[in-house]
């Protein structure tokens, strides 16, 4: 989005636009970077008014004095030349400098002071309005069935995605429609493309045994049932036991609205949902498997943040523990500064363990209370392999799912109506066919009687 913003500025300003990457300044020869900076600004002043865009600014604008070598650093000389050109004795009037970076935390403080990069624009992940606008732009290039496709539903179902992800979904949907020899893209193509981008590619070649498939079905049904029964949790969008990516099954939840902050009850419910798969395995098979490894890892990370960052522990109170040391060249969170005692460390570990165990206990209670629904969900998953939100509503209402010839799961009442319509069409066809046969036989009978009379006259 940052580079796209620079392109938009270039298109709207109608002035000369100079684009360069931060890595293009520094070469193996000493002094090349500083001379390139001077040449760039000299050309810009000749073409003023103009815009200079420096992409990946952190390659040349990292904080000075943090070099690992300890000696002369060519980057520092390049940065010094850039600082002088931007705000030195020679005023670069009518030359606007725009830069983009993913690491504003490692930039030199002198770059960010007033007179240089004094205006900082945060290009965040687009909200639902932004995603809808991006969808409208990309769907102009393909043929979409406007009667069946609702772009607002697609925008609601893609939280956290950036413009490149949405463009990828539209592209994948177009490829799927082309493979099926369709004239336009419909909603099923978009849903399949969205699942492919969000959950990974289906591994159809992977063959699971009957026992593994059953364990996976109960595992995913446990996640889904706990999510459905947890108050305030995000609604379940889809459950599948078709292997995707590195997972044997996936339970996907999508938020109804954009969320920027989370309550303690929501986080505890999220932990219970993560532990629901393991609880279902122990409840049904009285056995633990390795399938819950990623769930436990996520639950432990969330519980640790609750205790050490978010102040959600009743025992330790509203305090943060473990300050991160982010080295400029070594990357983020290379090491953590332990600013607490051994006693506090033991209390933190005990609190994390307690929170995760309480979450599993809550998941156990939900599954034991609705064990019949758990069995029903797992059976339908084993039968159909994929269930969406509408199918879950039918299962929870106690009705059975049916799969017609077109491969979609439908409501029993819809199936009855369809059978009635098909029966009426069949009777109409049979009546018309018999009528046609009767009319066709009339002249033949007449011909036979005429032939008989002619034979009698001849005799």
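Numbering (our numbering), first residue to last: 33 to 491.
C-beta atoms are modelled at their ideal positions from N, C-alpha and C, and glycine is treated no differently.
As the structure is a computational prediction, the values presented were derived from the model and not from experiment.
Query, Result
"Please return the same chain residues whose Cβ sits closer than 6 Å to the Cβ of residue 265, not counting the five positions on each side in sequence.", "259, 301"
"Going by beta-carbon coordinates alone, are residue 135 and residue 90 separated by less than 8 Å?", "yes"
"Tell me which same chain residues have a C-beta within less than 6 Å of the C-beta of residue 350, skipping the five on either side of it?", "343"
"Please classify residue 153 as buried or exposed, where buried requires at least 16 neighbouring CB atoms within 10 angstroms.", "exposed"
"So what does DSSP say about residue 269, is it helix, strand or coil?", "strand"
"Is residue 234 helix, strand or coil by DSSP?", "strand"
"Can you tell me whether residue 97 is buried or exposed, with buried defined as 16 or more other CB within 10 angstroms of its CB?", "exposed"
"On the three-pair Cβ rule with 8 Å, is the segment 212 to 221 touching the segment 237 to 255?", "no"
"Within 10 angstroms of its Cβ, does residue 43 collect 16 or more other Cβ (buried), or is it exposed?", "exposed"
"Keeping to the same chain, check which residues put their C-beta closer than 6 Å to that of residue 38; ignore five residues upstream and five downstream.", "85, 130"
"Quick one: residues in its chain with C-beta nearer than 8 Å to the C-beta of residue 157, no 5 flanking neighbours on either side, listed in chain order?", "192, 193, 194"
"In whole angstroms, what is the alpha-carbon distance linking residue 81 and residue 147?", "18 Å"
"When DSSP labels each residue in this structure, what does residue 53 get in the three-state scheme?", "strand"
"Which value, in whole angstroms, describes the spacing of the CA atoms of residue 61 and residue 45?", "36 Å"
"According to DSSP, residue 276 sits in a beta bridge with which residue or residues?", "234, 279"
"Near residue 262, what residues of its chain come up, given a Cβ to Cβ distance below 8 Å and the 5 sequence neighbours on each side ignored?", "301, 304, 305, 398"
"If I follow the unbroken alpha helix (DSSP H) through residue 419, where does it start and stop?", "No alpha helix (DSSP H) holds residue 419; the beta strand (DSSP E) holding it covers 418 to 420."
"Under a Cβ-count criterion, where at least 16 other Cβ atoms within 10 Å of its own Cβ denotes burial, should residue 329 be classed as buried or exposed?", "exposed"
"According to the neighbour-count rule (16 or more other Cβ atoms, all chains shown, within 10 Å of its Cβ), is residue 167 buried or exposed?", "buried"
"Could you check the C-alpha separation between residue 432 and residue 311 for me, to the nearest Å?", "26 Å"
"DSSP state of residue 83, grouped into three classes?", "strand"
"Who are the Cβ neighbours of residue 323 in its own chain at under 6 Å, not counting the five residues just before and after it?", "251"
"Taking 8 Å as the cut-off, decide whether the C-beta atoms of residue 256 and residue 409 are in contact.", "yes"
"Should the segment 386 to 393 be regarded as contacting the segment 402 to 421, the criterion being three or more beta carbon pairs within less than 8 Å?", "no"
"One question on the structure: do residue 107 and residue 92 come within less than 8 Å of each other, judged by their Cβ atoms?", "yes"
"When DSSP builds the beta bridges, which residues end up paired with residue 70?", "According to DSSP, residue 70 bridges with nothing at all."
"Do the CB positions of residue 113 and residue 66 come within less than 8 Å of each other?", "yes"
"Under the assumption that residue 283 contacts residue 418 (Cβ atoms under 8 Å), give the Cβ distance between them as a whole number of angstroms.", "With a Cβ gap of about 11 Å, residue 283 and residue 418 do not count as contacting."
"To the nearest angstrom, report how far apart residue 377 and residue 340 are at their CA atoms.", "10 Å"
"Three-state secondary structure (DSSP) at residue 42?", "helix"
"Figure out for me which residue from 275, 335, 327, 281 has the closest Cα to the Cα of residue 297.", "335"
"DSSP beta-bridge partners for residue 94?", "139"
"Quick one, are the C-beta atoms of residue 58 and residue 110 less than 8 Å apart?", "yes"
"So is residue 35 buried or exposed if we call it buried at 16+ other beta carbons inside 10 Å?", "exposed"
"For residue 288, is the classification buried or exposed, using 16 other Cβ atoms within 10 angstroms of its Cβ as the cut-off for buried?", "exposed"
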